[in-house]
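For reference, the structure is listed below as structure tokens.
In the working numbering, the protein residues as written are 21 to 106.
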């Protein structure tokens, strides 16, 4: 199957993996859900900017921003799951 959006060429910036995050200070489940919603909207807007730009520094930065935002959303989701178990 042909990809609709081809993979970008590898650059040093795209090879950086953000570290796993954990939330030390407890957030309420509602706060986590609101923050997740806001971050998801940020990812959607950042993706629009990424796709609107030619390959280069701006596009690489947008790609890294998306990866960091996803890492934060994963940490929030883990926090919510742990809160649901209590």
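Even glycine gets a Cβ: it sits at the ideal position worked out from N, Cα and C.
Bear in mind that the values here come from a model prediction, so they are computed numbers and not experimental data.
With 16 other CB atoms within 10 Å as the buried threshold, where does residue 79 fall? Looking up residue 79 in the chain shown gives position 59. Buried, by the Cβ-count rule.
Mind checking residue 49: buried by the 16 CB within 10 Å criterion, or exposed? Within the chain shown, numbered from 1, the residue matching residue 49 stands at position 29. Taking a 10 Å sphere around the C-beta of residue 49, we find fewer than 16 other C-beta atoms and assign the residue as exposed.
Where does residue 96 land, buried or exposed, given buried means 16+ other C-beta within 10 angstroms? Walking along the chain shown from the start, residue 96 turns up at place 76. Its Cβ being crowded by 16 or more others within 10 Å, residue 96 is buried.
Buried versus exposed, by CB contacts within 10 Å (16 or more), residue 70: By one-based count along the chain shown, residue 70 stands at place 50. Of the residues assessed, residue 70 falls on the buried side of the cut-off, its CB having 16 or more other CB atoms within 10 angstroms.
Limits of the alpha helix (DSSP H) - the one that residue 47 falls within: Within the chain shown, the letter at position 27 stands for residue 47. Counting along the chain, residue 47 sits inside no alpha helix (DSSP H), nor does DSSP assign it H or E at all.
Straight-line CA distance for residue 87 to residue 47? Position 67 of the chain shown, counting from 1, holds the residue named residue 87. Position 27 of the chain shown, counting from 1, holds the residue named residue 47. Their backbone Cα atoms lie some 22 Å apart in a straight line.
Is the Cβ-Cβ distance between residue 92 and residue 61 less than 8 Å? In the chain shown, counting from the first residue as 1, residue 92 sits at position 72. In the chain shown, counting from the first residue as 1, residue 61 sits at position 41. Taking 8 Å as the Cβ cut-off, residue 92 and residue 61 do not qualify as a contacting pair.
Would you report the Cα separation of residue 82 and residue 67, rounded to the nearest angstrom? The count along the chain shown starts at 1 and reaches residue 82 at position 62. The count along the chain shown starts at 1 and reaches residue 67 at position 47. Straight through space, the alpha carbons of residue 67 and residue 82 are spaced by roughly 7 Å.
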